[in-house]
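The working numbering numbers the first residue of the sequence shown as 135 and each following residue consecutively. Even glycine gets a Cβ: it sits at the ideal position worked out from N, Cα and C. Notes for the one structure printed next.
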Amino acid sequence: MSDTPAALPSRADFACCYLYGVSPQPYRQSTDMAQFGQLYDLIIGEHGGLSVGSSFHPYQLLGPGGISVWYAAYAQLYAQPDRAELFAAITRDKARFLLAPPDSFADFHIWPDTRLTSVENPIFSRFIPFVLPFLVHKSEAALRWDEATAVAQAQPALFRSYLDTVNEALRFVQPAPAFVLGFDEFDEQQPERMIERFMSCRDLLLGI
């Protein structure tokens with residue numbers, strides 16, 4: 135039997151998931167592991183991974199060198215002396231961990247796509263976009279959010295109830311009147327897709 139340690143999962147073995155919505159104050163932090171765990175269960179389900187202990191404005195998610203919050207979270211885990219045990223717990227035992235956000239992501243860096251600025255779209259000064267990131271180990275099992283949205287058309291009342299539950303679970307880091315618009319996976323090669331998610335909700339927000 136070989137004593138060679140198993141290779142650690144790479145960044146590509148994780149999905150850069152995020153919950154997105156609008157809030158008067160998009161950049162808020164929490165260290166409440168239990169509340170993050172509850173929210174993770176509601177949105178992600180039985181998948182190992184990481185919650186980042188902060189919500190962000192989209193223009194905080196990429197540093198000046200193009201490094202994303204998700205990449206930084208992976209690097210932060212990889213830098214731990216017991217990383218082999220931590221990665222094994224995530225991949226084998228579907229463990230979930232909470233990481234503090236790096237201070238460097240407190241600053242705003244406007245992307246080339248400026249459509250979320252209040253100058254270009256004043257509605258985003260009233261309804262300010264926020265994102266809550268999750269780094270999720272990939273598997274064939276569906277995420278809980280995807281399972282919920284799959285039945286939304288046939289059972290809209292059931293999905294509304296689910297969305298209400300998610301909004302309530304979010305209150306510890308994003309108090310009312312913040313509310314959720316959706317969930318997606320961040321593509322580091324096409325970050326503008328996140329902008330499109332908010333723009334697709336623009337008419338809805340204008341009508342509130």
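Next on the checklist: For V270, list the residues DSSP reports as bridge partners.
Outcome noted: As a working note, residue 270 is residue 136 in the sequence shown. Looking at the DSSP assignment, V270 forms a beta bridge with A149, G183.
Item to check | Beta-carbon proximity of F170 to Y208, cut-off 8 angstroms | outcome: Walking along the sequence shown from the start, residue 170 turns up at place 36. Walking along the sequence shown from the start, residue 208 turns up at place 74. No, they are not a contact pair.
Item to check | Complete beta strand (DSSP E) runs within the stretch 253-317 (minimum length 3 residues, chain order) | outcome: 262-271
Checklist entry - Around the C-beta of R305, are 16 or more other C-beta atoms found within 10 angstroms, so that it is buried, or is it exposed? => result Here residue 305 refers to the residue found at position 171 when the sequence shown is read from its first residue. When all chains shown are included, R305 counts as exposed.
Item to check | Selection from A141, S252, D237 that minimises the alpha carbon distance to E219 | outcome: Walking along the sequence shown from the start, residue 219 turns up at place 85. Nearest of A141, S252, D237 to E219, Cα basis: A141.
Checklist entry - Around the C-beta of M135, are 16 or more other C-beta atoms found within 10 angstroms, so that it is buried, or is it exposed? => result Here residue 135 corresponds to residue number 1 of the sequence shown, with the count starting at 1. With a pLDDT of 40 at M135, under the threshold of 50, the modelled position of this residue cannot be trusted; read the value that follows with caution. By the 10 Å Cβ count, M135 comes out exposed.
Checklist entry - Would the beta-carbon of G179 fall within 8 angstroms of that of R278? => result Walking along the sequence shown from the start, residue 179 turns up at place 45. Walking along the sequence shown from the start, residue 278 turns up at place 144. Cβ atoms of G179 and R278: closer than 8 angstroms.
Item to check | Run of the beta strand (DSSP E) containing L233, from where it starts to where it stops | outcome: Reading the sequence shown from its first residue, position 99 is the one you call residue 233. L233 -> beta strand (DSSP E) spans 230-233.
Checklist entry - Going straight from the alpha carbon of D227 to that of R260, what length do you get? => result Counted from its first residue, the sequence shown places residue 227 at position 93. Counted from its first residue, the sequence shown places residue 260 at position 126. If you take the alpha carbons of D227 and R260, they lie about 42 angstroms apart.
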